[in-house]
Ligand SMILES: NC(=O)c1ccc[n+]([C@@H]2O[C@H](COP(=O)([O-])OP(=O)(O)OC[C@H]3O[C@@H](n4cnc5c(N)ncnc54)[C@H](O)[C@@H]3O)[C@@H](O)[C@H]2O)c1
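In the numbering used here, the protein residues as written are 12 to 261.
So this is what it looks like as structure tokens:
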């Protein structure tokens, strides 16, 4: 019996990076996975990969910043696989570095809409669906920047801090009904995007800010996320868990 046999999961932003890895690993451990992304082709590629490997998956186009899409994603999971038990609210974006005085208001609104409103919209429809299914678990993908700040990233840092509060409220309201909600805070993860956006010197400096002296991997984030979604985490709810190589330790 695999950890997620007979479970149905939604992973938002599942077409790339951390969300894609979580989708693959959930499916490898028995879950039926609805891979959602604003880029349907990216979600479809991950779903196809899962199916080719013998797993169960379906792709769904979802802009998490639109509440109607979150409602539709939950309905799609129920119609396609019969219920919803697990969700990873993973879709997130950043903005170009800028100080608060010069902050582009549209950039602030864009980041808040995806990173915060998007997770609220997700929870609003996922949590009642999980209660109806007899129980479940949610992970909200925050960041180590949900507990510490960095300059020139007001929108991202603020949205990720806010997620830890939203996670607590979800837990207070739904844990007794069988649905646990937790947040995960990755340090900087070695994705093509992070690597290609930094000069070799900047990459070395960033690595050095982690006690591990390296960036993390999508697999290390997936390992914590799957643990929190599993029954082994049955007494863990409303809390925020770092997987940051010691970034926040100083
Ligand atoms: N990579 C890191 O170093 C790092 C560190 C800490 C936290 N995180 C968080 O982890 C999550 C995933 O990050 P990643 O590095 O895998 O990013 P990524 O850019 O590789 O993947 C994000 C996915 O989300 C999708 N997406 C973007 N906006 C969306 C929207 N409005 N609706 C639906 N999908 C949308 C993108 O198309 C993409 O497929 C994000 O919430 C990010 O903030 C990442």
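Yeah, the Cβ is synthetic: ideal placement off N, Cα and C, and Gly gets one too.
Enclosing alpha helix (DSSP H) for residue i [first to last residue]
{"i": "residue 31", "result": "28-39"}
{"i": "residue 232", "result": "229-240"}
{"i": "residue 3", "result": "Lying before the first or after the last residue shown, residue 3 is absent from the chain, which here runs from 12 to 261."}
{"i": "residue 186", "result": "Segment: none, residue 186 is in no alpha helix (DSSP H) and carries neither H nor E."}
{"i": "residue 215", "result": "211-219"}
{"i": "residue 55", "result": "51-63"}
{"i": "residue 105", "result": "Element bounds for residue 105: n/a, residue is neither H nor E."}
{"i": "residue 204", "result": "203-207"}
{"i": "residue 142", "result": "129-143"}
Contact test: residue i Cβ vs ligand 1 heavy atom, cutoff 8 angstroms
{"i": "residue 192", "result": "no"}
{"i": "residue 152", "result": "yes"}
{"i": "residue 134", "result": "no"}
{"i": "residue 59", "result": "no"}
{"i": "residue 15", "result": "no"}
{"i": "residue 199", "result": "yes"}
{"i": "residue 21", "result": "no"}
{"i": "residue 18", "result": "no"}
{"i": "residue 262", "result": "With the chain running from 12 to 261 in the structure shown, residue 262 is simply not present."}
{"i": "residue 155", "result": "yes"}
{"i": "residue 137", "result": "no"}
Residue i: first and last residue of the uninterrupted beta strand (DSSP E) it sits in
{"i": "residue 77", "result": "Careful: residue 77 lies outside any beta strand (DSSP E) and carries neither H nor E."}
{"i": "residue 251", "result": "251-254"}
{"i": "residue 97", "result": "97-100"}
{"i": "residue 152", "result": "147-152"}
{"i": "residue 23", "result": "19-23"}
{"i": "residue 46", "result": "43-48"}
Distance, residue j Cα to residue i Cα
{"i": "residue 73", "j": "residue 61", "result": "19 angstroms"}
{"i": "residue 134", "j": "residue 199", "result": "25 angstroms"}
{"i": "residue 105", "j": "residue 126", "result": "9 angstroms"}
{"i": "residue 166", "j": "residue 12", "result": "43 angstroms"}
{"i": "residue 159", "j": "residue 231", "result": "20 angstroms"}
{"i": "residue 185", "j": "residue 215", "result": "43 angstroms"}
{"i": "residue 93", "j": "residue 46", "result": "16 angstroms"}
{"i": "residue 266", "j": "residue 113", "result": "Residue 266 lies beyond the residue range present for the chain, which begins at 12 and ends at 261; the question has no answer from this structure."}
{"i": "residue 222", "j": "residue 256", "result": "6 angstroms"}
{"i": "residue 78", "j": "residue 102", "result": "14 angstroms"}
{"i": "residue 188", "j": "residue 143", "result": "10 angstroms"}
{"i": "residue 245", "j": "residue 212", "result": "43 angstroms"}
{"i": "residue 242", "j": "residue 14", "result": "8 angstroms"}
{"i": "residue 172", "j": "residue 58", "result": "31 angstroms"}
{"i": "residue 180", "j": "residue 249", "result": "7 angstroms"}
{"i": "residue 54", "j": "residue 261", "result": "37 angstroms"}
{"i": "residue 109", "j": "residue 115", "result": "8 angstroms"}
{"i": "residue 36", "j": "residue 217", "result": "28 angstroms"}
{"i": "residue 16", "j": "residue 162", "result": "43 angstroms"}
{"i": "residue 146", "j": "residue 168", "result": "31 angstroms"}
{"i": "residue 226", "j": "residue 85", "result": "33 angstroms"}
{"i": "residue 164", "j": "residue 178", "result": "22 angstroms"}
Test item: CB-CB of residue i and residue j under 9 angstroms
{"i": "residue 192", "j": "residue 99", "result": "no"}
{"i": "residue 148", "j": "residue 240", "result": "yes"}
{"i": "residue 194", "j": "residue 150", "result": "yes"}
{"i": "residue 75", "j": "residue 23", "result": "yes"}
{"i": "residue 183", "j": "residue 140", "result": "no"}
{"i": "residue 82", "j": "residue 131", "result": "no"}
{"i": "residue 170", "j": "residue 123", "result": "yes"}
{"i": "residue 68", "j": "residue 21", "result": "no"}
{"i": "residue 27", "j": "residue 48", "result": "yes"}
{"i": "residue 258", "j": "residue 175", "result": "no"}
{"i": "residue 153", "j": "residue 219", "result": "no"}
{"i": "residue 65", "j": "residue 44", "result": "no"}
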